[in-house]
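Chains as they are written, first to last, in the numbering used here: chain A, 5 to 209; chain B, 171 to 450. All C-beta atoms in this analysis are idealised placements derived from N, C-alpha and C, irrespective of residue type, glycine included. Owing to the predicted nature of the structure, the values given are computational and were not obtained by experimental measurement. Below is one structure, written out as C-alpha cells, with a few remarks after it.
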C-alpha cells in the first residue's frame with residue numbers, strides 16, 4: 005500500500021501520454037502538453053537542487069578539511085567564476101562573451117584533453133581484455149584490425165576494392181550485429197518501461 | 171439543483187463530445203497493431219522472470235561472494251549509475267538504462283548491507299541520486315541492517331558525461347568491487363577504466379550498442395545490450411527456475427539439432443530419421 009500513490013500517478017500519466025499518442029484530441033493534447041511542461045520544470049528544479057547540494061557538500065569538505073579540500077576549493081572557485089560571468093550586471097547570461105570564453109578556453113580544451121586519452125586507454129583496455137577473456141577479445145580485436153585495414157587511405161584498384169569491401173562489411177555483418185542489438189534493446193526497453201509502469205519489481209533475492 | 175440523472179447526462183454528453191472531437195492519429199490498422207504489441211508486451215511482463223536465459227548475467231549471482239571478500243579485506247564497493255541520468259538532456263533510451271540499473275543497484279546494495287561493506291553510489295544527475303538513495307534505504311530495510319546505512323553514500327558528481335569520466339579517473343581508489351551500470355556514451359572507456367582501477371571484482375553493463383566493446387574489454391562481468399534489461403528479471407529467478415530454464419534450453423537445442431540432422435539425412439540419402447525415432 006506504501007507504493008499505491010506513486011503507482012497510481014505513474015499509471016495514469018503513462019496511459020494519458022499513450023492515449024494522446026494514439027488519438028488526436030484537443031483536450032487530451034492540452035493535458036499531455038501540461039504534463040510534459042511539468043516534467044521539464046521538475047527536471048529544472050532537480051538540477052538546481054543538485055547544484056545546491058554539490059556546493060554545500062564541497063563547502064563542508066573545504067571548511068572541515070575533509071576528503072580533498074583543494075579539489076573542493078577549485079570546484080567552488082570554478083562555480084563562482086561561472087556564476088559571476090553569467091550574472092554580473094549587464095550580462096546576457098549563457099550567451100555572454102565572458103561565459104562563451106570560459107567554455108571555449110577552459111571547458112572545451114579540458115574535455116578535449118580528457119577524450120584525447122581514449123586511444124591510450126583503449127590499448128590498456130585491450131591488454132586487460134586479453135587477460136580476462138582471451139578468445140572473445142582476440143576475435144573482437146582481430147575484427148577491429150580488419151576494419152582498420154579496410155579503411156586505410158589507399159588509392160588505385162586496391163584502394164577501391166578495400167573501400168567496397170569496407171562498405172559491405174559495415175552494411176552487412178557489422179550492420180546485422182548492430183541491428184540485432186538494437187532490436188533486442190528496443191523490445192526489452194519496452195518491456196522494462198511497462199514493468200516500471202506496472203511496478204513489477206525485478207530484483208528480489 | 172441538479173440531480174444525479176442530470177449529472178450523469180452531462181457526463182455522458184461530455185464523453186460523447188470528446189469522442190466526436192477525437193480522431194485516430196495513425197489510422198485503424200496501425201493503432202490496432204500498436205495496441206496488439208502492447209498486449210504482447212504485457213503478457214511478457216506478466217511473467218517477469220527470464221524464460222530462456224539461465225547463465226549468470228554480468229556475474230551478478232556472485233555479488234554476495236564478492237561482498238564477503240570485500241568485508242574480509244575491509245574494502246568498500248563503488249557503484250556508478252552511468253552518465254545518462256534520468257532528468258538530463260539525454261535520449262529516452264539512455265535514460266531508461268539508468269532506471270534499468272536501479273534494480274541491479276538494489277541487488278548489490280542488499281549484498282553489501284548483509285556483508286557490512288560500505289557502498290558508494292555516484293551519478294551525474296540529482297534525480298538519479300534520489301532514486302539511488304531510495305534503493306540504498308530499501309536494501310538496508312530489507313536486510314534489517316539500518317544501523318549500517320551511514321557507511322554507504324550517494325554522490326552527485328556534477329553535470330556532464332565528461333565529468334563522470336574525469337572524476338572516476340581522478341578518484342580511482344581501488345574499491346574491492348566496482349560496478350558501472352546504465353547509459354554510457356563516448357566517455358565509457360574512461361569511466362570504466364577509472365572504475366576498475368585496482369578493483370578486485372568488477373561488473374559493467376550498458377545497453378548502448380556503440381559501447382559494447384568498452385564494456386567487454388574492461389569488466390570481469392558484463393551486461394551488453396538487452397542484457398541490462400534482462401538482468402533485473404534474472405536476479406529474481408530462484409535456483410530451480412534457473413535449472414528448469416537451462417534444461418528447456420538444452421531440450422530446444424537437441425530438438426533443433428535433430429530436425430536439421432534429420433532433414434539433411436533425408437535430403438542426402440533418403441534416411442527417414444523421424445521413422446527411426448518414432449519406431450516406425
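Contacts of residue i in chain A (Cβ-Cβ under 9 Å)
| i | result |
| --- | --- |
| residue 345/B | Neighbours of residue 345/B on chain A: none; closest Cβ ~15 Å, over 9 Å. |
| residue 193/B | 27, 28 and 29 |
| residue 356/B | 119 and 122 |
Distance, residue j Cα to residue i Cα
| i | j | result |
| --- | --- | --- |
| residue 193/B | residue 208/B | 20 Å |
| residue 288/B | residue 246/B | 5 Å |
| residue 180/B | residue 21/A | 25 Å |
| residue 218/B | residue 274/B | Only weak support exists for where residue 218/B lies, its pLDDT of 49 falling under 50; the value from the coordinates is given anyway. Their Cα atoms are separated by approximately 15 Å. |
| residue 185/B | residue 26/A | 17 Å |
| residue 131/A | residue 158/A | 29 Å |
| residue 40/A | residue 319/B | 35 Å |
| residue 110/A | residue 129/A | 28 Å |
| residue 3/A | residue 89/A | Outside the shown range of chain A (5 to 209) lies residue 3/A, about which nothing can therefore be said. |
| residue 56/A | residue 259/B | 19 Å |
| residue 2/A | residue 174/B | Nothing about residue 2/A can be reported from this structure: the residues present for chain A run from 5 to 209 only. |
| residue 307/B | residue 316/B | 8 Å |
| residue 323/B | residue 162/A | 58 Å |
| residue 51/A | residue 271/B | 21 Å |
| residue 127/A | residue 391/B | 20 Å |
| residue 365/B | residue 203/B | 44 Å |
| residue 137/A | residue 197/B | 50 Å |
| residue 261/B | residue 268/B | 11 Å |
| residue 199/B | residue 440/B | 47 Å |
| residue 266/B | residue 431/B | 43 Å |
| residue 264/B | residue 156/A | 33 Å |
| residue 99/A | residue 115/A | 20 Å |
| residue 425/B | residue 179/A | 30 Å |
| residue 383/B | residue 190/A | 19 Å |
| residue 177/A | residue 66/A | 54 Å |
| residue 164/A | residue 171/A | 11 Å |
Residue(s) in a DSSP beta bridge with residue i
| i | result |
| --- | --- |
| residue 322/B | Note: residue 322/B sits in no beta bridge, so no partner. |
| residue 180/B | DSSP output for residue 180/B lists no bridge partner at all. |
| residue 374/B | 350/B and 392/B |
| residue 291/B | 249/B and 324/B |
| residue 28/A | 193/B |
Proximal chain A residues relative to residue i, where beta-carbon distance stays under 8 Å
| i | result |
| --- | --- |
| residue 315/B | Per Cβ cutoff of 8 Å: no residues; residue 315/B is ~15 Å from chain A at best. |
| residue 400/B | 192 |
Outcome for residue i when other beta-carbon atoms lying within 10 angstroms are tallied against a minimum of 16
| i | result |
| --- | --- |
| residue 206/A | Residue confidence for residue 206/A is low, a pLDDT of 48 falling below 50, so the modelled location carries little weight; the figure read from the coordinates is stated next. Counting Cβ neighbours within 10 Å, residue 206/A comes out buried, since at least 16 surround it. |
| residue 280/B | buried |
| residue 242/B | exposed |
| residue 105/A | exposed |
| residue 68/A | exposed |
| residue 91/A | exposed |
| residue 190/B | exposed |
| residue 117/A | exposed |
| residue 404/B | buried |
| residue 141/A | buried |
| residue 388/B | buried |
| residue 123/A | exposed |
| residue 347/B | buried |
| residue 70/A | exposed |
| residue 327/B | buried |
| residue 233/B | buried |
| residue 3/A | Nothing can be reported for residue 3/A: it is not among the residues displayed for chain A, which extend from 5 to 209. |
Contact list for residue i against chain B, beta-carbon separation under 7 Å
| i | result |
| --- | --- |
| residue 121/A | 360 |
| residue 125/A | 359, 360 and 363 |
| residue 53/A | 296 |
| residue 197/A | 266 |
| residue 50/A | 257, 296 and 297 |
| residue 188/A | 395 and 396 |
| residue 144/A | 383 and 386 |
Amino acids of chain A, ordered along the chain, whose beta-carbon sits closer than 7 Å to that of residue i
| i | result |
| --- | --- |
| residue 426/B | The contacting residues do not exist; residue 426/B stays about 19 Å from chain A at best. |
| residue 328/B | 58 |
| residue 390/B | 136 |
| residue 188/B | 29 and 31 |
Contacts that residue i makes with chain B (C-beta to C-beta distance below 9 Å)
| i | result |
| --- | --- |
| residue 109/A | Per Cβ cutoff of 9 Å: no residues; residue 109/A is ~16 Å from chain B at best. |
| residue 185/A | 377, 379, 382, 394, 395 and 396 |
| residue 12/A | The contacting residues do not exist; residue 12/A stays about 18 Å from chain B at best. |
Where residue i meets chain B, residues with beta-carbon distance less than 8 Å
| i | result |
| --- | --- |
| residue 182/A | 379 |
| residue 141/A | 386 and 387 |
| residue 128/A | 363 |
(message) Quick test of the definition: if touching needs 3 or more C-beta pairs under 8 Å, does the segment 330-338 of chain B touch the segment 248-266 of chain B?
(response) With the cut-off at 8 Å, the segment 330-338 of chain B and the segment 248-266 of chain B touch.
(request) Flag this pair as touching only if the segment 395-404 of chain B and the segment 143-163 of chain A have three or more C-beta atom pairs under 8 Å; answer yes or no. (result) Counting Cβ pairs under 8 Å, fewer than three are found: no touch.
(request) Evaluate contact between the segment 184-203 of chain A and the segment 370-381 of chain B, counting only Cβ atoms and requiring at least three cross-stretch pairs below 8 Å. (result) yes
(request) Count the C-beta pairs between the segment 76-93 of chain A and the segment 344-356 of chain B that are closer than 8 Å, then say yes if the count reaches three, no if not. (result) no
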